[in-house]
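Below is one structure, written out as structure tokens; the observations come after it.
Residue numbers (this note's numbering): 3 to 132.
Encoded structure:
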């Protein structure tokens, strides 16, 4: 990851606030509860420009998709986004509020209080001399 890239949580909060994505919305902003449409690509009426926009934009943001260079791959964009979201310690899916089947499938998530993650770069400890 290069230095200037925004991390997923702040990026996602910005996308929700932007209103650019139909169905990507706060259900309870104060509680940090939001939903993301999660329509299966095999469903009738699925459209890459409507149903995969958020996932595509995350792939572009992370440098994993370059329009005009890379072949569009919405299945991978969605899987990468899902894995990135599931790896966050301060974002939790509310399974009981999500609907995973049908034309109006969506997932509901909650932002938990931010967790400080330790830096992956650790200082090398000097060996103790006895």
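Idealized CB from N, CA, C, for every residue including glycine.
Checklist line | N- and C-terminal bounds of the beta strand (DSSP E) containing residue 9 | finding: Translated into the one-based positions of the chain shown, residue 9 becomes position 7. Premise fails: residue 9 is in no beta strand (DSSP E) and is neither H nor E.
Next item on the list: Give the DSSP-derived three-state secondary structure of residue 15 in the structure shown.
Entry: Locating residue 15 in the chain shown gives position 13, counting from the first residue. Correct three-state label for residue 15: helix.
Checklist line | Cα-Cα separation between residue 36 and residue 70, rounded to whole angstroms | finding: The count along the chain shown starts at 1 and reaches residue 36 at position 34. The count along the chain shown starts at 1 and reaches residue 70 at position 68. About 32 angstroms.
Note to self: Checking the sheet assignment: what are the DSSP bridge partners for residue 95?
What the structure shows: For the purposes of this step, residue 95 is identified with residue 93 of the chain shown, where counting begins at 1. 111, per the DSSP bridge assignment.
Next item on the list: Check whether the region 98–106 touches the region 77–88, taking contact to mean three or more Cβ pairs, one atom from each stretch, closer than 8 angstroms.
Entry: no
Next item on the list: Give the range of the beta strand (DSSP E) segment to which residue 29 is assigned.
Entry: Residue mapping note: residue 29 aligns to position 27 of the chain shown, counting from 1. Per DSSP, residue 29 belongs to the beta strand (DSSP E) from 27–30.
Notebook entry, point to check: Is it true that the CB of residue 26 sits closer than 7 angstroms to the CB of residue 56?
Noted result: Here residue 56 is taken as the residue at index 54 of the chain shown, counted from 1. Here residue 26 is taken as the residue at index 24 of the chain shown, counted from 1. The answer is yes: Cβ separation under 7 angstroms.
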